[in-house]
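Colleague: Here the working numbering is used: the first residue of the sequence shown is 16, the next is one more, and so on. Heads up, the beta-carbon is just placed ideally off N, CA and C, and yes, glycines get one too. Questions regarding the structure given below will be posed in turn.
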Amino acid sequence: MEPALNNAPSKAGLVSDRSRSTQGGLPLVLLLCFVIATALGLYALSFLRTVLVSERGRELAMNAAAVADALDRVMFERFGDIQLFANDGILRDGTSPEKTARLLAYKQLYQYYSWLGVADENGQLTAATDALPAQGTQGLNPESFELVRRTGKVHFEDMRPSPASQRKMAIGFTAPIYGPKGEFRGVVVTRVPFENLQSIFEQEGRLRYGELAYDWLLLDREGAVLSEKHRPSNLNGNPVKIDGEGIYGINRQGRCTFINSAAARMLGYLPDELLGQDMHERIHYSFTGGTAYPRAACRIQETLERGTGCKVDDEVYWRKDGTDFPVEYSSFPIIEQEQIIGAVVVFLDTTARKRAEQQLTLSHDQLRKLTARLESVREEERILIAREIHDELGQALTGVKLDLCLLRDQISEVSPAMMKRLESISTLVDGTIQSVQRIATELRPVVLDQLGLIPAIEWQAHEFQARTGIQCTLDVYLRTITLSHAGSTAMFRIFQEILTNVARHAQASIVHITLQEQAGSLVLDVRDNGRGVTDAELADPHSLGLVGMRERALLLGGETIVTGSPGTGTAVRVRIPLGQP
16 MEPALNNAPS KAGLVSDRSR STQGGLPLVL LLCFVIATAL GLYALSFLRT VLVSERGREL
76 AMNAAAVADA LDRVMFERFG DIQLFANDGI LRDGTSPEKT ARLLAYKQLY QYYSWLGVAD
136 ENGQLTAATD ALPAQGTQGL NPESFELVRR TGKVHFEDMR PSPASQRKMA IGFTAPIYGP
196 KGEFRGVVVT RVPFENLQSI FEQEGRLRYG ELAYDWLLLD REGAVLSEKH RPSNLNGNPV
256 KIDGEGIYGI NRQGRCTFIN SAAARMLGYL PDELLGQDMH ERIHYSFTGG TAYPRAACRI
316 QETLERGTGC KVDDEVYWRK DGTDFPVEYS SFPIIEQEQI IGAVVVFLDT TARKRAEQQL
376 TLSHDQLRKL TARLESVREE ERILIAREIH DELGQALTGV KLDLCLLRDQ ISEVSPAMMK
436 RLESISTLVD GTIQSVQRIA TELRPVVLDQ LGLIPAIEWQ AHEFQARTGI QCTLDVYLRT
496 ITLSHAGSTA MFRIFQEILT NVARHAQASI VHITLQEQAG SLVLDVRDNG RGVTDAELAD
556 PHSLGLVGMR ERALLLGGET IVTGSPGTGT AVRVRIPLGQ P
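Right, here's the structure in full:
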């Protein structure tokens, strides 16, 4: 029995083995927990880093977008500027001093530019804001000139130093100038120094985003550093809204590909709400009265289909809240590899300008009514004074004349000296009577009231020829005129002013006058063979005679058109509708 007792396990031995097994597994559990905690920590750290990088990237992207937005707007504004310059009649047809004066005015008004110039059809500079080191094409890139002449499009020139920018780095724009018949007349050239662009970028960043931190580096095409900017951080700065042009891009399907903050603000949207949307359906779907605006009739669609730019001055866009506002816009095609891939639209809210135009029109109407009343009162005063002079003073002088004749006949014996004195007095009275008649006639011709407009014009032409020696020919192609008293007076006064201008300024020897009826209007044409009125004289606000002629015709719903050509004379056409009350 002894061996059996030694081989059977005891209860105490079983407890001791289990305790040793438990104590051996505890380090493994602790190690496993440590590994899991470390992994979770590393994952949390990685996730936090990802979040921080994402936030920083979002901030950098916002600032990069701000700089790009500013650059796009500045470039499109300069693109519009040079097209405005190219359509200036003075830069196209003016003399060299006139062109220079206009360029200097533009430089003062548009202070982005360091230099502006105009070249003729051969690429030779004819005017510039600043003298250059040498004559000829200095400051004008021959390659740009040839490209503009060949394509007829505005050319953007890469940043480079040139004499026109005082050897500073500058970008350039070159635009073609065309004559009235579409002939190439030359180009207008501008230079925008980089330092001006840099100041624009800094101003944009300060106004739009306060002092948010961003770093940007500008390189030229060879990789040379042109400018590097580090802006101190101020994350508490609040965005500041500024007014400006709205700019957005669309693809061939008319869907928005980019939009600047000014455009989104004017339309009442957030930029993200418009990206990818059909812009015609969103903002340009209807006219002011609610009539549908077909896509095919939209000028922006024409840009997408034909690749031609356009400018529209009077349409409306629609806001998110359903209200409309007046705009003027320009659209430009985006072309890559000779294919139209979209368009850029630049628009401006013209509400304030429209309101000012309406107020100005109202003021003009009030002034015109006041002018009409003053002219009416003036004519009434002239009639009254002419009648008083003719009736009162004329009759009194006639009585003096009769008394002198009676006195001379009744005096039988008078010395020769006394008789000579009486004759002198009689002659003086005759001259005074004639002066009274002339003054009364000039104030208000009796022939106009008694016989009508046609005899009055014939009489005035005869008087003008007798007084000045300038030959007058008159062709009248009608017998009677159905024209109001005010209309007859206005036409006669305009005719008098025309002849006065011929005598004073035209240096003419012949005046041809035509009076006829055309399309329900009385038309008076007066042509002379003088020196010809100039554009500057026509635009002179101090030419009160020309202004008076135009206003008299406008008051009756007509018009006065004055044209002239140097050496061939001046032509004036006056049109007043017949049957005026």
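#1: Relative to the alpha-carbon of Lys435, which residue among Leu419, Thr488, Tyr308 has its alpha-carbon at the smallest distance?
#2: Give the range of the beta strand (DSSP E) segment to which His527 is assigned.
#3: Hey, could you find the ends of the beta strand (DSSP E) Ala190 is sitting in?
#4: Could you give the residue range of the alpha helix (DSSP H) that holds Ser111?
#5: Below 6 angstroms CB to CB, which residues in the same chain sit around Gly201 once its five sequence neighbours on both sides are set aside?
#6: Are the Cβ atoms of Val342 and Phe302 separated by less than 9 angstroms?
#7: Could you tell me which of Gly594, Ser580, Met564 sits nearest to Arg588, measuring between CA atoms?
#8: Bridge partners for Trp333 per DSSP, in chain order?
#9: Helix, strand or coil: how does DSSP classify Asp490 here?
#10: On the three-state DSSP scale, how would you describe Thr495?
#11: Output needed for Gly238: all residues of its chain with C-beta closer than 6 angstroms, excluding positions within five of it in sequence on either side, in chain order.
#12: Considering only the alpha carbon of each residue, which of Val327, Ser276, Leu285 lies closest to Tyr344?
#13: Quick one: any contact between the stretch 291-298 and the stretch 265-280, if contact means 3 or more CB pairs under 8 angstroms?
#14: By the DSSP assignment, the beta strand (DSSP E) with Thr575 in it spans what residues?
#15: So what does DSSP say about Thr549, is it helix, strand or coil?
#16: Closest by CA to Thr323, which one among Ile496, Val169, Ala277, Ile426?
#17: On a Cα-Cα basis, can you pick out the residue from Ser580, Glu260, Asp490, Ala568 that is closest to Ala476?
#18: Under the three-state reduction of DSSP, which class applies to Arg397: helix, strand or coil?
#19: Do Ile448 and Thr413 count as a contact pair if the criterion is CB distance below 9 angstroms?
#20: How long is the line joining the alpha carbons of Trp130 and Val203, rounded to whole angstroms?
#21: Can you tell me which of the three DSSP states Ile485 falls into?
#22: Cβ of Glu390 within 9 angstroms of Cβ of Leu570?
#23: Is it right to say Ala8 is buried, meaning 16 or more other beta carbons lie within 10 angstroms of its own, or is it exposed?
#24: Distance, Cα to Cα, Gln316 vs Gly264?
#25: What residue range does the beta strand (DSSP E) around Thr272 cover?
#26: Could you tell me if Ala277 is buried or exposed, where buried requires 16 or more neighbouring beta carbons within 10 angstroms of its beta carbon?
#27: Which of the three DSSP states, helix, strand or coil, is assigned to Lys416?
#28: Is Gln522 helix, strand or coil when you go by DSSP?
#29: Applying the criterion that 16 or more other CB atoms from any shown protein chain within 10 Å of the CB defines a buried residue, is His379 buried or exposed?
#30: Please list the terminal residues of the continuous beta strand (DSSP E) segment that includes Ser536.
#31: Residues bridged to Lys326 by DSSP?
#32: I need the boundaries of the alpha helix (DSSP H) containing Leu290, first residue and last residue.
#33: How big is the Cα-Cα spacing for Phe209 and Phe362?
#34: Nearest CA to the CA of Thr365: which residue from Gly261, Thr318, Glu407, Cys487?
Modeller: Straight from the coordinates:
#1: Within the sequence shown, numbered from 1, the residue matching residue 435 stands at position 420. For Lys435, the closest C-alpha among the options Leu419, Thr488, Tyr308 is that of Leu419.
#2: Position 512 of the sequence shown, counted from the first residue, corresponds to residue 527. Where His527 is concerned, the enclosing beta strand (DSSP E) stretches over 525-533.
#3: Position 175 of the sequence shown, counted from the start, is the residue given in the question as residue 190. According to the DSSP assignment, Ala190 belongs to the beta strand (DSSP E) that extends over 184-193.
#4: Here residue 111 refers to the residue found at position 96 of the sequence shown. It spans 111-124 - the alpha helix (DSSP H) in which Ser111 sits, taken as one unbroken run.
#5: Along the sequence shown, one-based indexing puts residue 201 at 186. Excluding positions up to five away in sequence, the list reads Ala134, Asp135, Glu136, Ile192.
#6: Position 327 of the sequence shown, counted from the start, is the residue given in the question as residue 342. Position 287 of the sequence shown, counted from the start, is the residue given in the question as residue 302. No, they are not a contact pair.
#7: By 1-based counting over the sequence shown, the position of residue 588 is 573. Ranking Gly594, Ser580, Met564 by Cα distance to Arg588 puts Met564 first.
#8: Against the sequence shown, residue 333 aligns to sequence position 318. Bridge partners of Trp333: Asp339.
#9: In the sequence shown, the residue the question calls residue 490 occupies position 475. Residue state, collapsed to three classes: strand.
#10: The count along the sequence shown starts at 1 and reaches residue 495 at position 480. Correct three-state label for Thr495: coil.
#11: Locating residue 238 in the sequence shown gives position 223, counting from the first residue. With a pLDDT of only 36 at Gly238, under the threshold of 50, the placement of this residue in the model should not be trusted; the figure read from the coordinates follows. The beta carbon of Gly238 lies closer than 6 angstroms to none in the same chain, with the five residues before and after it left out.
#12: Translated into positions along the sequence shown, residue 344 becomes position 329. Cα-wise, what sits closest to Tyr344 is Val327.
#13: With three or more CB-CB distances shorter than 8 angstroms, the stretch 291-298 counts as touching the stretch 265-280.
#14: Here residue 575 refers to the residue found at position 560 when the sequence shown is read from its first residue. Residues 574-580.
#15: For the purposes of this step, residue 549 is identified with residue 534 of the sequence shown, where counting begins at 1. In the structure shown, Thr549 sits in coil (DSSP, three-state: anything other than H, G, I, E or B).
#16: Numbered from 1 along the sequence shown, position 308 holds the residue referred to as residue 323. Selection Ile496, Val169, Ala277, Ile426 evaluated against Thr323 yields Val169 as nearest (Cα-Cα).
#17: Here the question's residue 476 lines up with position 461 in the sequence shown. The shortest C-alpha separation from Ala476 is found at Asp490.
#18: Numbered from its first residue, the sequence shown carries residue 397 at position 382. In this structure, Arg397 counts as helix in the three-state DSSP scheme.
#19: Position 398 of the sequence shown, counting from 1, holds the residue named residue 413. Position 433 of the sequence shown, counting from 1, holds the residue named residue 448. Between Thr413 and Ile448, the CB-CB gap stays under 9 angstroms.
#20: Counting from 1 along the sequence shown, the entry for residue 130 is found at position 115. Counting from 1 along the sequence shown, the entry for residue 203 is found at position 188. Taking the CA atoms as reference points, Trp130 sits about 11 angstroms from Val203.
#21: Counted from its first residue, the sequence shown places residue 485 at position 470. DSSP places Ile485 in coil when its eight states are reduced to three.
#22: Sequence index remark: in the sequence shown, residue 390 carries index 375 (1-based). Sequence index remark: in the sequence shown, residue 570 carries index 555 (1-based). Yes, the Cβ-Cβ distance between Glu390 and Leu570 is below 9 angstroms.
#23: In the structure displayed, the chain extends from 16 to 596; residue 8 sits before or after that span and is not available.
#24: By 1-based counting over the sequence shown, the position of residue 316 is 301. By 1-based counting over the sequence shown, the position of residue 264 is 249. The alpha-carbon separation between Gln316 and Gly264 amounts to approximately 13 angstroms.
#25: Position 257 of the sequence shown, counted from the start, is the residue given in the question as residue 272. Element bounds for Thr272: 271-274.
#26: By one-based count along the sequence shown, residue 277 stands at place 262. Per the 10 Å Cβ criterion, buried.
#27: Residue mapping note: residue 416 aligns to position 401 of the sequence shown, counting from 1. Per DSSP, reduced to three states, the secondary structure at Lys416 is helical.
#28: Position 507 of the sequence shown, counted from the start, is the residue given in the question as residue 522. Residue state, collapsed to three classes: coil.
#29: As a first step, residue 379 must be located in the sequence shown, where it is residue number 364. Exposed, by the Cβ-count rule.
#30: Reading the sequence shown from its first residue, position 521 is the one you call residue 536. Where Ser536 is concerned, the enclosing beta strand (DSSP E) stretches over 536-543.
#31: Counting from one through the sequence shown, the residue named residue 326 turns up at place 311. Lys326 is bridged by DSSP to Ser345.
#32: Residue numbering aside, residue 290 sits at position 275 when the sequence shown is read from its first letter. Unbroken run through Leu290: none, as it is neither H nor E.
#33: For the purposes of this step, residue 209 is identified with residue 194 of the sequence shown, where counting begins at 1. For the purposes of this step, residue 362 is identified with residue 347 of the sequence shown, where counting begins at 1. One Cα belongs to Phe209, the other to Phe362, and the distance between them is close to 26 angstroms.
#34: Position 350 of the sequence shown, counting from 1, holds the residue named residue 365. For Thr365, the closest of Gly261, Thr318, Glu407, Cys487 by C-alpha to C-alpha distance is Gly261.
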